[in-house]
Amino acid sequence: MDPQVLMLSAVIAARTKNIKIGSSIHRPLMKLAAEELSERALPHERYAFDNLMLDDPFQTAEQISIIDQVSKGRFIYGAGARSRGSDDRRDYFYEFLEVMKQLWTEDTFSGFEGKYYNYPAFYEPYLSIPKPYQKPYPPMLLPVDSQQSFVPMGTLGYKIAIGAGSSTHNLRGTTVQLEDVKNYRKAWKDAGHEGEPTTVVRIPTLLADTKEEAERLSDELMVLARHYFNGRIGIGSTDAGSASPDTTAEVNLFGTAEDVVEKIEVLREQYSTDEIMFEVNWTSSVPRDVVTNTIRILSDKVIPKFK
20 MDPQVLMLSA VIAARTKNIK IGSSIHRPLM KLAAEELSER ALPHERYAFD NLMLDDPFQT
80 AEQISIIDQV SKGRFIYGAG ARSRGSDDRR DYFYEFLEVM KQLWTEDTFS GFEGKYYNYP
140 AFYEPYLSIP KPYQKPYPPM LLPVDSQQSF VPMGTLGYKI AIGAGSSTHN LRGTTVQLED
200 VKNYRKAWKD AGHEGEPTTV VRIPTLLADT KEEAERLSDE LMVLARHYFN GRIGIGSTDA
260 GSASPDTTAE VNLFGTAEDV VEKIEVLREQ YSTDEIMFEV NWTSSVPRDV VTNTIRILSD
320 KVIPKFK
């Protein structure tokens with residue numbers, strides 16, 4: 020969650036031609052009436068200084084439009100508000116997104132009246148913000164952790180990302196999570212949205228050329244992961260749920276190319292997904308050479324199986 024993820028996305032857009040560019044994630048800072056801004060952050064957070072800087076949907080919409088224009092429609096806006104457990108923060112975040120969508124889709128902004136944001140209409144037709152390259156606006160991908168968010172996300176028609184396996188975003192384990200996804204898909208369809216609901220599955224991934232090497236590397240990573248999870252619980256991080264690395268390890272994409280292809284087929288069936296986010300540096304504990312080797316095997320032997 021880089022606080023300057025939109026700036027980084029703009030740099031990537033200017034230096035590339037073909038790849039998709041996604042923010043994972045942009046976390047707009049929003050202050051509820053009872054909250055106080057603070058420069059303090061949990062020890063694992065990198066953006067303490069940004070805790071004093073409120074985000075504005077007008078400025079964010081402009082930045083996203085520019086990135087999308089520079090990339091010629093290759094941008095995917097991934098955003099979250101750390102709203103877990105708070106209906107107010109969740110509604111605040113949804114309103115932030117609604118303001119941006121209105122700015123992108125109206126020729127002349129007609130004004131917005133909400134609970135958290137109130138803006139007058141542009142008084143002159145020449146007042147506007149840049150429009151995105153993609154119409155009506157770039158795809159939005161919203162991560163979902165809390166059980167209370169799955170149904171609202173489906174009702175509103177948003178594409179969601181979830182953490183599977185031993186991801187720190189799989190708080191309640193696979194069985195409960197699959198039920199959450201089912202509820203999300205039902206809410207999407209009940210709301211009458213066009214097309215099919217989309218669930219992007221983010222999952223720890225580590226590949227090697229032989230089973231022996233894959234098992235050795237996976238065992239080493241699991242030791243580090245246990246320390247990582249225990250550390251997050253020790254500092255009171257809300258990201259550490261009841262699903263431990265060990266209770267969910269069998270779902271991770273660990274193994275040879277053949278093993279992982281089989282596991283992906285199971286994931287596609289379980290989650291009704293056709294998009295997977297490979298977490299190749301899970302817990303930020305994987306050596307660089309192992310990460311690059313995993314990416315090589317994915318590119319050469321796994322991804323071609325699904326084209």
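Those letters in the sequence shown? Residues 20 to 326, by this note's numbering.
Glycine residues also receive a C-beta, built at the ideal position from the N, C-alpha and C atoms.
Contact annotation, I83 with P157: C-beta distance approximately 6 Å; criterion of less than 8 Å satisfied.
Residue state for A183 is assigned as coil, using DSSP reduced to three classes.
According to the DSSP secondary-structure assignment, M159 is paired through a beta bridge with Y96. For F77, the enclosing alpha helix (DSSP H) stretches over residues 76–89.
H246 carries a helical assignment under DSSP once its states are collapsed to helix, strand and coil. For T218, the uninterrupted beta strand (DSSP E) segment begins and ends at 218–226. Judged by DSSP in its simplified three-state form, F297 adopts strand. Sixteen is the threshold: since fewer than 16 other Cβ atoms of the shown chains lie within 10 Å of the Cβ of A33, the residue is exposed.
DSSP, read as helix, strand or coil, puts E132 in strand.
Contact between the stretch 207–214 and the stretch 170–180 is present: 3 or more CB-CB pairs across the two stretches fall below 8 Å. In this chain, the beta strand (DSSP E) harbouring F273 covers 272–274. Note on geometry: alpha-carbon atoms of K154 and V163 lie some 25 Å from one another. Note on D106: under 16 other CB atoms within 10 angstroms of its CB, so exposed under the neighbour-count rule.
When rounded, the separation of the alpha-carbon atoms in I222 and K50 is 31 Å. Taking a cut-off of 8 Å on C-beta distances, the stretch 292–312 touches the stretch 230–245, as three or more cross pairs fall below it.
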